[in-house]
Amino acid sequence: MSEITSRPIWGKLDPADQASAHLVCAEGHGIEAVVAAFAGRDGLLSRATVVHVAPVGAARPAGLGGAAYHRHPSRATALTAFRAHLARAKMGTQVHLAGSEAFLDEASAVAVACGIVGDGLTTELSGPATRRVQCVHCKGMMDEVAVTPFACSHCGINLTVRDHYSRRLGAFMGVCADAEAPGVLPAASRF
Amino acid sequence: MSATRYTVRVTEAEAVTPHVRRLRLEPADGAALPPASAGAHTVVTLEANGRTLRNSYSLTAPSLAGGAYEIAVLRSPTSRGGSRFVHERLREGDTLSVSAPVNLFPLHRLARHHVLVAGGIGITPIAAMAEELSRLGASYELHYAVRSEAAGAFCRDLEARHASRMRLYSSERQERLRVREIVPHQPLGSHLYVCGPQRMIDAVFADARAAGWPEANLHAERFEAPAGGDPFAVRLARSGKSTTVGEHESLLEAIERIGVEAPYLCRGGACGECICDVIEADGELDHRDHFLSPEERRAGDKIMICMSRLKGRELVLDL
Numbered sequence: 006m007s008e009i010t011s012r013p014i015w016g017k018l019d020p021a022d023q024a025s026a027h028l029v030c031a032e033g034h035g036i037e038a039v040v041a042a043f044a045g046r047d048g049l050l051s052r053a054t055v056v057h058v059a060p061v062g063a064a065r066p067a068g069l070g071g072a073a074y075h076r077h078p079s080r081a082t083a084l085t086a087f088r089a090h091l092a093r094a095k096m097g098t099q100v101h102l103a104g105s106e107a108f109l110d111e112a113s114a115v116a117v118a119c120g121i122v123g124d125g126l127t128t129e130l131s132g133p134a135t136r137r138v139q140c141v142h143c144k145g146m147m148d149e150v151a152v153t154p155f156a157c158s159h160c161g162i163n164l165t166v167r168d169h170y171s172r173r174l175g176a177f178m179g180v181c182a183d184a185e186a187p188g189v190l191p192a193a194s195r196f
Numbered sequence: 314m315s316a317t318r319y320t321v322r323v324t325e326a327e328a329v330t331p332h333v334r335r336l337r338l339e340p341a342d343g344a345a346l347p348p349a350s351a352g353a354h355t356v357v358t359l360e361a362n363g364r365t366l367r368n369s370y371s372l373t374a375p376s377l378a379g380g381a382y383e384i385a386v387l388r389s390p391t392s393r394g395g396s397r398f399v400h401e402r403l404r405e406g407d408t409l410s411v412s413a414p415v416n417l418f419p420l421h422r423l424a425r426h427h428v429l430v431a432g433g434i435g436i437t438p439i440a441a442m443a444e445e446l447s448r449l450g451a452s453y454e455l456h457y458a459v460r461s462e463a464a465g466a467f468c469r470d471l472e473a474r475h476a477s478r479m480r481l482y483s484s485e486r487q488e489r490l491r492v493r494e495i496v497p498h499q500p501l502g503s504h505l506y507v508c509g510p511q512r513m514i515d516a517v518f519a520d521a522r523a524a525g526w527p528e529a530n531l532h533a534e535r536f537e538a539p540a541g542g543d544p545f546a547v548r549l550a551r552s553g554k555s556t557t558v559g560e561h562e563s564l565l566e567a568i569e570r571i572g573v574e575a576p577y578l579c580r581g582g583a584c585g586e587c588i589c590d591v592i593e594a595d596g597e598l599d600h601r602d603h604f605l606s607p608e609e610r611r612a613g614d615k616i617m618i619c620m621s622r623l624k625g626r627e628l629v630l631d632l
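Chains A and B are the protein sequences, given in the same order. Per this note's numbering, the first sequence starts with residue 6, numbered consecutively. Per this note's numbering, the second sequence starts with residue 314, numbered consecutively.
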C-alpha cells in the first residue's frame with residue numbers, strides 16, 4: 006500500500022440511523038452490498054431512494070423493502086438521475102455508493118462536487134479493483150484500467166498509473182512511463 | 314510558523330460598540346502582509362504592563378490582497394490584560410507585532426450552501442466568511458445573535474451588506490435563534506459554521522445532528538483565552554530550565570518568558586499544535602483544551618500548554 010494520501014480508501018456501506026433519508030447509487034453487483042447493509046433495517050429503507058445501473062428488464066432486487074427503486078441501463082444515465090436526486094435532496098440525507106472502482110471514482114466525484122464529504126458519504130467496492138485513469142499528457146479519460154503500465158487509448162503514450170488521485174476528476178494520474186528511454190518499460194502489474 | 318512576525322501600525326482604532334474596539338493594522342514598513350482567507354486568525358503580541366501577551370484574534374475581513382488586517386477586540390471583564398490594553402492604552406499610530414495568518418476555520422469550498430451562525434463577538438470570523446462568500450457570489454445565509462443591537466458589533470454594516478441573506482436576533486427584543494428550524498430545510502451539501510460561546514456551539518451542533526447532519530459538514534471555532542489559576546512550578550527537562558507559572562499567566566506564556574520556543578498556532582486550545590509530553594506531574598492535570606480526547610486526558614501523559622494547567626506543585630515537560 007503506498008503512502009500517497011490522495012488514494013481513495015473505499016470502506017463499507019454504513020447507513021446511519023439518525024439520517025433523515027438515504028440516497029443510494031449502485032452499479033451492477035454493487036446492489037448486493039446495498040441489500041446487505043440495509044438488511045433488517047426496514048425503517049431506513051422506507052426513506053431510501055436507490056438508483057441502480059442494471060439492464061432494462063432486470064428484476065427489482067429482493068431485499069430493498071420500501072425503498073424507491075430506479076433502474077438505468079448505463080452509468081451515464083444513472084449518474085444523471087443521481088445528480089437530479091442530489092439537487093432535490095435536503096440536509097440529513099446520507100449518500101451511499103457501491104460498485105466497481107471506476108464507478109465509485111465517478112460517482113464520488115459527483116457527490117464531492119456537491120459538498121458531500123466525510124461521514125455524509127459511505128462507499129463500498131464490489132468487483133475488481135480496476136482504475137479510472139486520466140492521461141496527464143492528452144487529458145484523455147479511461148475506465149477499467151487493470152494493469153500498469155499501459156498505452157493511452159487516446160494518444161498512445163505508455164502510461165504508469167500513479168497512486169495520485171484527483172477527487173475533482175475522480176481519476177488516477179497516468180504519466181509517461183518511458184520518457185527517458187522510449188520503449189523501455191517496467192514489468193506490468195495488475196491492480 | 315510561530316516565528317514569522319510582521320510589524321504593523323494601528324491605522325484606525327474605533328469603538329464599534331461600548332465594549333468592542335475595531336483595529337485596522339497596516340504593515341509598518343510598507344512590506345505586504347501575507348494574504349488571509351476568511352476564518353483566519355493572527356496572533357498579536359501585546360506588551361501590557363511589562364508583560365508579553367500573545368492573543369489570537371480572528372480577522373474580520375478576508376485580506377486576499379494582503380493589504381491590511383482588521384480585528385475586533387471585546388473588552389473582557391476577566392481580561393488578563395490584553396483586551397484592557399487594547400481598549401485603554403493602544404492608540405492610532407502605535408505599532409504591534411502580528412504572526413502570519415493561520416486558518417483553522419476555513420470555508421468548505423465545494424459546499425452547495427453555507428449556513429453561518431454567530432453569537433456575540435463570535436461574529437469576527439463569521440463576518441469575514443460572509444464577506445468572502447458574498448464576493449464569490451456563493452449561496453449563504455447569516456444568523457447573528459446579539460444581546461442588543463447596540464451591543465452587537467457591526468450589526469448595521471452587516472445588515473447593509475448582506476440584506477435578505479442575514480437575520481439578526483436580539484435577546485433584548487425577545488428574538489431567539491432557533492437552529493432547529495433552520496437546519497432541516499437546507500439543500501444537501503450545505504455546510505454550517507458556528508462561532509460563539511461554547512454552550513451555543515453545543516446547542517447548534519445538537520440541533521444539526523438531530524436533523525441528521527453529518528459531522529463532516531459541521532464546523533466551529535472554539536477559541537478561548539486561557540483562564541488563570543493557582544501558580545505552579547514547571548521544569549523543562551530538555552532545555553534544563555524552570556520557572557513558576559503565575560496566577561494570570563498560561564503555561565505557554567511562562568515557557569516563552571524564560572526564552573524557550575514552544576510550538577503553537579491558535580493559543581486557544583483548538584488546534585493541537587502545542588501538545589507536549591508530560592514527564593512528571595505531582596498533581597492532577599487541569600485540561601482546558603478542546604483537542605485531547607477523553608481517553609487521552611485520562612492517560613495523563615499529554616498536555617496542551619496554551620490552555621491547560623497543573624493542580625499541584627511541579628510539572629515536568631519534555632521541552
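Yeah, the Cβ is synthetic: ideal placement off N, Cα and C, and Gly gets one too.
With respect to the 8 Å criterion, B/His354 and B/His427 are not classified as neighbours on the basis of their beta carbons.
Contact holds between the segment 346–353 of chain B and the segment 404–421 of chain B, because three or more Cβ pairs, one in each stretch, are under 8 Å apart. Residues of chain B whose Cβ lies closer than 8 Å to the Cβ of A/Ser25 are, in chain order, Pro497, Ala524 and Gly525. Between the C-alpha atoms of B/Thr330 and B/Leu409 there is a straight-line separation of about 23 Å. Excluding the 5 residues flanking it on each side, B/Gly406 has same chain C-beta neighbours closer than 7 Å at Arg322 and Val323, in chain order. Looking at the backbone, the Cα of B/Gln511 and that of B/Gly363 are separated by about 32 Å.
In the three-state reduction of the DSSP assignment, A/Leu84 falls in the helix class, which pools H, G and I. Look at the beta carbons and you see the segment 458–470 of chain B not touching the segment 44–61 of chain A: under three pairs across the two are nearer than 8 Å.
Against chain A, the beta carbon of B/Ala519 has no neighbour under 7 Å; the closest one sits roughly 12 Å away. Between A/Leu18 and chain B, the shortest Cβ-Cβ separation is not below 8 Å.
Residues Arg334 of the same chain have their beta carbon placed closer than 7 Å to that of B/Ala328, with the five preceding and five following residues left out of the count. Across the structure, B/Leu336 and B/Arg570 are spaced so that their CA atoms are roughly 26 Å apart.
The three-state secondary structure of B/Arg337, taken from DSSP, is strand. Cβ proximity to chain A below 7 Å picks out His421, Leu423 and Ala424 from the segment 394–424 of chain B. Excluding its 5 nearest sequence neighbours in each direction, B/Lys624 has C-beta neighbours in its own chain below 6 Å: Gly596, Glu597 and Asp599, listed in chain order. Nearest to A/Arg137 by alpha-carbon distance, out of A/Ile121, A/Gly123 and A/Thr165, is A/Thr165. Distance from the CA atom of A/Tyr170 to the CA atom of A/Val180, rounded to whole angstroms, is 12 Å.
At a cut-off of 8 Å between beta carbons, A/Gly45 makes no contact with chain B. A/Leu18 counts as buried, since at least 16 other C-beta atoms from the protein chains shown sit within 10 angstroms of its C-beta. In summary, the residues of the segment 111–135 of chain A whose CB is separated from some CB of chain B by less than 7 Å are Val117, Ala118, Cys119, Gly120, Ile121, Val122, Gly123, Asp124 and Gly125, in the order they occur in the chain.
The three-state reading of DSSP puts A/Cys140 in strand, counting E and B together. Collapsing the DSSP output to three states places A/Ala26 in a strand.
For B/Glu528, the chain A residues whose C-beta falls within less than 9 Å of its own C-beta are Gly123, Asp124 and Gly125, listed in chain order. DSSP places B/Glu462 in the coil class of the three-state scheme, outside both helix and strand.
Under DSSP, B/His426 forms a beta bridge with B/Ser503. Taking 3 residues as the shortest admissible run, the segment 524–573 of chain B contains the following complete beta strand (DSSP E) segments, listed from N- to C-terminal end: 531–534, 545–549 and 554–558.
Rounded to whole angstroms, the separation of the alpha carbons of A/Met147 and B/Pro347 is 41 Å. When DSSP states are grouped into helix, strand and coil, B/Ala519 belongs to the helix group. A/Ala73 sits in a strand when the DSSP states are folded into three classes. Under the three-state reduction of DSSP, B/Cys587 is assigned to coil, being neither helix nor strand.
Taking a Cβ-Cβ cut-off of 9 Å, B/Gly352 has no neighbours in chain A, whose nearest Cβ is about 16 Å from it. Chain-order list of chain B residues neighbouring A/Lys95: Pro497, His498, Gln499, Pro500 and Leu501, by C-beta distance under 8 Å.
Taking CB atoms only, B/His600 has no neighbour in chain A less than 8 Å away. Residue pairing of B/Asn368 in beta bridges, as defined by DSSP: B/Val357.
Counting every other CB atom within 10 Å of its CB across the protein chains shown gives B/Ile568 a total of 16 or more, marking it as buried.
Taking a 10 Å sphere around the C-beta of B/Val459, we find 16 or more other C-beta atoms and assign the residue as buried.
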